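Numbering of the sequence shown is given in the working numbering, commencing with residue 66 and proceeding in unit increments.
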Amino acid sequence: MPQPRLSVPLDRAAYVQLLTDHYPWTEVTVDLAARQAEGLSGIFDAQQGPDWARFVWVRGTLRGGFTAAGDVTWPLAMNALPRAQVTLVPLAPAVAELVWASRTGSPQPQATHWPELQADLERQRFAGVLLHDGTCSFWEGGRAIGGTLPASGAACQTLSQLGGGAVGQAALLAFWRELIATAHRVTPLDEAWRQVSMRLADEHPCLDPFAQEVTVQGGQLRVEPELELAEVQPALLGGFQATLARLGLRLADLPITELRARPEWAAAGLETP
């Protein structure tokens, strides 16, 4: 089941708690479509009384929507929340990705309090969400990339990038190797992957082509075994999606019917079939 909505910083909000009585759903939809075409990364929240829905975009791709009860589509949300207050918050792509990927995770209490916990997160190259005092911070590769850091002495919980962890590291990496090899058979992607990796290296250091920690050669994915899956998973997702976009491919263009049916598909953070 989805967790309560993660708190996101509102300093870059495009609008906050606008009433659809005055900003109708039709205009909201048109505005979001235009922003999506421009590469929107961020979250859209709709609230009516106790009921809510959240939608997440990453680099112009709608990841999907969810409520307290589970995933939801845009038409259902509009019908269920006809007189909502709506908020749109652009976010860094990596933060938006974490918001989406962490929606079904199980928070894990941490024995160490802040700031002592920071050294553990850095050493583990933690990727996920750190929950504390009703708010949270977003982490990738052992460093905070957004949100609010805890106060000194705060007890914390973590939400890992892979949520409940039902899919193991070996299985998920094998899935990524098969998916990337399948895409490569449709259109060779080595050069596009290299270019994308250079562009995304600041967000995902393991993609840095000079580090040779995550590489694709001849359509074959190679991942250094000492890397934590929590760091590799968001890097693979961002790299694969950006590579497809550079090549002008969609997931629908790939012969991946069997891959879509596997449990690794959801764990990889790919769009709902």
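Glycine included, every Cβ here is placed at the ideal spot set by N, Cα and C. What you are looking at is a predicted structure, and each value in this text was computed from that prediction instead of being measured.
Shortest alpha-carbon distance to residue i belongs to which of the options?
i	options	result
D318	R128, A248, E291 and A219	A248
I108	D267, A98, L156 and D198	L156
C271	Y80, L301, E243 and A159	L301
G212	V160, S225 and I245	V160
G193	F305, W165 and L146	W165
L182	E291, G207 and L314	G207
R70	L316, G125, L163 and G104	L163
A239	D110, L146, P290 and L84	P290
P174	A78, L254 and Q222	Q222
A78	A235, L84 and T152	T152
L292	D255, P320, F191 and Q306	F191
E329	E187, Q234 and R119	Q234
Q150	W117, V297, G130 and T308	W117
H197	A326, A331, R100 and A220	A220
E139	G104, L314, R311 and V95	According to the sequence shown, residue 139 is Trp rather than Glu. Ranking the options by Cα distance to W139, first place goes to V95.
R264	R311, P253 and P172	R311
E296	L314, Q306 and H269	H269
Excluding the 5 residues preceding and the 5 following residue i in the sequence, name in chain order all residues of the same chain whose CB lies nearer than 6 angstroms to its CB.
i	result
G228	Here G228 scores only 42 on pLDDT, less than 50, and its place in the model should not be relied on; the value that follows carries that caveat. Closer than 6 angstroms at Cβ, skipping near neighbours: T169 and G170.
T200	S72 and T213
S167	V194 and L224
D22	Because the chain here runs from 66 to 338, residue 22 falls outside it and cannot be looked at.
G230	Residue placement at G230 cannot be trusted, given a pLDDT of 43 that sits under 50; what the coordinates show is reported in the next sentence. Contacts found: none.
R128	V121 and W165
Ignore the nearest five residues each way along the sequence and tell me which others in residue i's own chain have a CB closer than 7 angstroms to its CB.
i	result
L59	Residue 59 is absent from the model: the chain starts at 66 and stops at 338.
D185	T177
L286	W241, R242 and I245
T322	none
S106	W122, V123, R124, P155, L156, A157, P158 and A161
V137	A118, G130 and F131
W258	V281, G304 and T308
How would you write the range of the alpha helix (DSSP H) that residue i sits in, first residue to last?
i	result
D185	E181 to Q189
T91	W90 to A102
L324	T322 to R325
G160	First, the residue type needs correcting, since residue 160 is Val and not Gly in the sequence shown. First-last of the alpha helix (DSSP H) with V160: P158 to A166.
Which residue comes first and which comes last in the beta strand (DSSP E) that contains residue i?
i	result
R148	From DSSP, R148 is part of no beta strand (DSSP E); its letter is neither H nor E.
V137	G135 to V137
T213	No beta strand (DSSP E) contains T213, which DSSP labels as neither H nor E.
Q175	Segment: none, Q175 is in no beta strand (DSSP E) and carries neither H nor E.
D110	G107 to Q113
L84	Y80 to L84
In chain order, what residues of the same chain have a beta carbon less than 8 angstroms from the beta carbon of residue i, not counting five sequence neighbours either side?
i	result
A102	G125
D255	H249, V281, Q282, G283 and G284
R188	G207
A333	L237, F240, W241, L244, Q298, L301 and L302
Open item on the list: Check whether the region 273-289 and the region 215-226 touch, using three or more Cβ-Cβ pairs below 8 angstroms as the test.
Closed with: no
TODO: Identify every run of the alpha helix (DSSP H) within the region 244-303, keeping only runs that are complete inside it and at least 4 residues long; order them along the chain.
DONE: 255-265
Task: the region 140-155 touching the region 113-123, judged by at least three CB pairs closer than 8 angstroms - done: yes
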